[in-house]
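Engineer: Chains as they are written, first to last, in full-length UniProt numbering: chain A, 1 to 105; chain B, 1 to 105. All residues carry an ideal CB built from backbone N, CA and C; glycine is no exception. As the structure is a computational prediction, the values presented were derived from the model and not from experiment.
(1) If I follow the unbroken alpha helix (DSSP H) through residue 55 of chain B, where does it start and stop?
(2) Count the CB pairs spanning the region 22 to 35 of chain A and the region 52 to 60 of chain A that are closer than 8 Å, and state whether there are at least three.
(3) I want to verify the contact list: residues of chain A whose CB lies under 8 Å from the CB of residue 91 of chain B, in sequence order.
(4) Taking all protein chains shown into account, do 16 or more other C-beta atoms lie within 10 angstroms of the C-beta of residue 83 of chain B, making it buried, or fewer, making it exposed?
(5) Using CA coordinates, which residue listed in A:18, A:90, A:70 is at the minimum distance from residue 34 of chain A?
(6) Which of helix, strand or coil does DSSP assign to residue 68 of chain A?
(7) Can you check whether the C-beta of residue 84 of chain A is within less than 8 Å of a C-beta belonging to chain B?
(8) Who are residue 78 of chain B's beta bridge partners in DSSP?
(9) Going by DSSP, what residues sit across from residue 84 of chain A in a beta bridge?
(10) Look at residue 25 of chain B and residue 98 of chain A and say whether their C-beta atoms are less than 8 Å apart.
(11) Distance cutoff 8 Å, beta carbons only. Does residue 35 of chain B sit that close to anything in chain A?
(12) What span of residues does the alpha helix (DSSP H) with residue 42 of chain A cover, start to end?
(13) So what does DSSP say about residue 90 of chain B, is it helix, strand or coil?
(14) Between the beta-carbon of residue 85 of chain B and the beta-carbon of residue 65 of chain B, is there less than 8 Å?
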């Protein structure tokens, strides 16, 4: 194998983030704008709240999602994509285009 | 939640294919052209042969990879992307662009 043909480790890492179950869908729900926990959960009915909570923490840790607490009464917590997260939009768009063309319902 | 905001099930299915460990990397190794089992394995050193064999069978079942047996002596078996598989190139490209910009080595 030639060195130039070796796979970039960054590519593998990016896939390891995006490959976790629900992560792609969670990011997609946040692309139009910040959302509260319940709004995200309602858009992905098959995912448990516990799983959503876990995934949001991971995405926060990776700098893809940002959690903001607003001091309203009752307190309001919103999840939003960071710049790193927003720049996943073109990845999402290409996955969606591919799915539309090739995946039968 | 408004109906129009619901997530397309095709999108979820596409992610369920692409989210399996190694699948993205295997597809990437096949983008430049058909390869033999050993060539793919050598390009992804951390993946076991058993895993590669399993993933290739799955990808064949999904119509993403095509297996061709050439009646040479000894027999030659090549794996290639189908049209459906090749059209994943733009997805791969966007993932790679994102990783280059945002993932530290």
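Structural biologist: Let me spell this out:
(1) In the DSSP annotation of this structure, the continuous segment of the alpha helix (DSSP H) that includes residue 55 of chain B starts and ends at 49 to 61.
(2) In short, these stretches touch, since the Cβ pair count reaches three.
(3) Ordered by position in chain A, the residues that pass the 8 Å Cβ test against residue 91 of chain B are 91, 94, 95, 98.
(4) exposed
(5) A:70
(6) Shown here, residue 68 of chain A sits in a strand according to DSSP, grouped into three states.
(7) yes
(8) B:68
(9) Looking at the DSSP assignment, residue 84 of chain A forms no beta bridge with any residue, so it has no partner.
(10) Result no, Cβ atoms of residue 25 of chain B and residue 98 of chain A do not sit closer than 8 Å.
(11) For residue 35 of chain B, the nearest beta carbon of chain A is not closer than 8 Å to its own beta carbon.
(12) 37 to 43
(13) helix
(14) In this structure, residue 65 of chain B lies closer than 8 Å to residue 85 of chain B by Cβ.
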